[in-house]
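J.: Just so we're aligned, residue -1 is where the sequence shown starts under our numbering, counting upward by one.
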Amino acid sequence: MTEPAARRGAGLFDLTGRRALVTGSSRGLGLAMAKGLAEAGAHVILNGRSADDLDAVASVFGDDGFGVSAASFDVSDEDEVRNRVGALLADGPIDILVNNVGGHARAPLEEMSGEQWREVLDINLTSAFYLSRYIGPSMLERRRGKVINTCSLMSEACRPTTGNYAAAKGGLKMLTRSLATEWAGRNVQVNGIGPGYFATELTRPLVEDAAFNEWICKRTPAGRWGDPDELIGTVVFLASDASNYVNGQIVYVDGGLLAAI
Ligand code: GCO
-1 MTEPAARRGA
9 GLFDLTGRRA
19 LVTGSSRGLG
29 LAMAKGLAEA
39 GAHVILNGRS
49 ADDLDAVASV
59 FGDDGFGVSA
69 ASFDVSDEDE
79 VRNRVGALLA
89 DGPIDILVNN
99 VGGHARAPLE
109 EMSGEQWREV
119 LDINLTSAFY
129 LSRYIGPSML
139 ERRRGKVINT
149 CSLMSEACRP
159 TTGNYAAAKG
169 GLKMLTRSLA
179 TEWAGRNVQV
189 NGIGPGYFAT
199 ELTRPLVEDA
209 AFNEWICKRT
219 PAGRWGDPDE
229 LIGTVVFLAS
239 DASNYVNGQI
249 VYVDGGLLAA
259 I
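(1) For Q114, I'd like the list of residues in its chain whose CB is within less than 7 Å of its CB, leaving aside the five on either flank, ordered along the chain.
(2) Using 8 Å as the threshold, is the region 129 to 148 in touch with the region 183 to 192, meaning 3 or more CB pairs across them?
(3) Return the chain-ordered ranges of every alpha helix (DSSP H) run that is complete within the region 34 to 90 and spans a minimum of 4 residues.
(4) What's the gap between the Cα of G169 and the Cα of I121?
(5) Hey, quick one: how far does the alpha helix (DSSP H) through N162 stretch, first residue to last?
(6) Between which two residues does the alpha helix (DSSP H) holding P193 run?
(7) Is DSSP giving A3 helix, strand or coil here?
(8) Sorry if obvious, but does the Cβ on T201 come closer than 7 Å to a heavy atom of the ligand GCO?
(9) Could you give the residue range of the beta strand (DSSP E) that holds T148?
(10) G100 by DSSP, collapsed to three states: which one?
(11) Sorted by chain position, which residues of the same chain lie with C-beta nearer than 8 Å to L119's C-beta, five sequence neighbours on each side aside?
(12) Can you check DSSP and say which residues form a bridge with G224?
(13) Between the Cα of G26 and those of D12, G46, G9, V42, spot the shortest distance and give me the residue it belongs to.
(14) Would V96 pass as a contact of T21 if the rule is Cβ separation under 8 Å?
(15) Using only the heavy atoms of the ligand GCO, determine whether one of them is closer than 7 Å to the beta carbon of G194.
(16) According to the Cβ coordinates, are R16 and D93 closer than 8 Å?
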């Protein structure tokens, strides 16, 4: 039997003493979520492919007084994940894993190359499997852990030229549910966040496309793009004791887009 959370009120969301790894956190949504977890008290391990970018971000965090470190490695390479995760776990437990890294390679499906397909599946989906596969056992052994996968409204709906990405994000939703099903009984909660349209580097071509921008603002009940900081409340909730009986859910943070026709 798992003990019910002893904390109440705002303390339920306190992450003091927890160690979190956030993949793809040198910019965009990952950076905002990393900042939010650090503000809630966690020590955050930033991850990305460029060591220079990570060091730059880590030093800004450090100057602000937050506990942060950087681990640059390619999360779509299984050997690298196994080795680097082994080293991180030798330094201490990882309580929170945010599988956030993502990327696009847009093309109509009838023109898409096998490489474009595999690249997008590897970065958005297989990376989350590898990280969960190699960090999960230590969480299960301690009977404590939180895995949060950055899904997408494209886990549910898509549009032309995003077939590989939608297939990957749909897969990530089902990986979330599969892990939740297997791990809930050992007190490891696995959930997803499904962002709608947020203005980031990844979506810059869309933000700058006047017709698309207008369409998104009309199509989204909230009438605007999301600001990456608007994911913080959800990620802190899913990383904290406040969500100890929440398993296999995808929380869509999309300004109401999926709720409306
Ligand atoms: C697009 C966008 C989306 C967003 C996001 C939505 O082409 O429509 O790039 O795929 O990136 O993932 O949640």
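Ideal placement from N, C-alpha and C gives every residue a C-beta, glycine not left out.
T.: This is what the structure gives:
(1) A103, A105, N162
(2) yes
(3) 49 to 61, 76 to 89
(4) 12 Å
(5) 161 to 181
(6) Note, P193: premise wrong, no alpha helix (DSSP H); beta strand (DSSP E) at 186 to 193.
(7) Residue placement at A3 is poorly supported in this model, since its pLDDT is 49, which falls under 50; the coordinates still yield a value, given next. Coil, per DSSP.
(8) yes
(9) 143 to 148
(10) coil
(11) N162, A165, A166, G169
(12) F196
(13) Of the candidates D12, G46, G9, V42, the one whose C-alpha sits nearest the C-alpha of G26 is G46.
(14) yes
(15) yes
(16) Closer than 8 Å, so yes.
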